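In my numbering, the protein residues as written are 2 to 180. The structure appears right after this line, and notes come after that.
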């Protein structure tokens with residue numbers, strides 16, 4: 002589990018990472034390559050590269066994962082290069098967009114960080130390359146995990162983010178006599 006900050010609250014992530022190989026370090030293992038025509042999907046420089054020429058020749062990858070109905074999940078995807086139609090869709094059906102459809106070609110490159118409530122026991126993620134122009138769409142750090150609010154205690158900084166934490170053995174002040 003890891004502690005993350007979202008929507009003004011800290012959440013514990015349970016069940017671990019739901020996306021297989023969202024960092025594309027060496028390949029696209031864990032993803033189904035659904036590219037059409039001469040479109041292609043590959044890992045280049047530890048990123049997902051979807052090469053597309055037009056709507057008939059488009060790089061596309063898909064992945065599904067198990068979710069619990071009514072539970073909150075957080076998805077994050079970083080897109081560093083996009084053209085029209087460079088889209089991520091998340092839904093309860095294969096190719097569906099019931100949760101979100103993000104078009105980086107329209108919205109501009111950057112991070113998608115989105116919370117959704119699962120409507121089914123399987124959630125589907127589809128990533129598309131551009132359909133308008135010959136382009137390589139580049140994605141990385143694709144992550145989905147279940148969010149569970151931490152205890153109601155106020156938290157300020159997760160311990161893992163404190164640089165060089167110091168171990169305190171006692172909260173009783175120590176006085177040293179230098180006389």
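Ideal Cβ placement from N, Cα and C applies to all residues, glycine included. All of these numbers come straight from a predicted model, not from anything done at the bench.
Its chain contains 99, 120, 121 as the residues whose beta carbon lies nearer than 6 angstroms to that of residue 93, once the 5 sequence neighbours on both sides are disregarded; these appear in chain order. Residue 133 is classed as exposed because its beta carbon has fewer than 16 other beta carbons within 10 Å across all chains shown. Assignment of residue 107 by DSSP, reduced to helix, strand and coil, places it in the helix class. Listed as beta-bridge partners of residue 54 by DSSP are no residues whatsoever. Annotation: the continuous beta strand (DSSP E) that includes residue 125 extends over 123-129. Residue 84 sits close to residue 138, with the two beta carbons spaced by under 8 angstroms. Within 10 angstroms of the beta-carbon of residue 127 lie 16 or more other beta-carbons, which makes it buried. Per the coordinates, the alpha-carbon of residue 142 lies some 10 angstroms from the alpha-carbon of residue 26.
Closest in C-alpha terms to residue 39, from the list 31, 145, 135, comes 135. Straight across, the Cα-Cα distance linking residue 76 with residue 49 is about 16 angstroms. Annotated three-state conformation of residue 22 is coil, per DSSP. Take residue 65, set aside five residues on each side of it, and the residues of its chain with a beta-carbon closer than 8 angstroms to its own are 95, 123, 124, 125, 126, in chain order. With respect to the 8 angstroms criterion, residue 34 and residue 52 are not classified as neighbours on the basis of their beta carbons. Listed as beta-bridge partners of residue 90 by DSSP are 102, 127. Membership of residue 75 in the beta strand (DSSP E) is indicated by the continuous run 73-82. Short of 7 angstroms from the beta carbon of residue 30, and not among the five residues preceding or following it, lie these beta carbons of its own chain, in chain order: 22.
By the Cβ neighbour-count rule, residue 112 is exposed, with fewer than 16 other Cβ atoms within 10 Å of its own.
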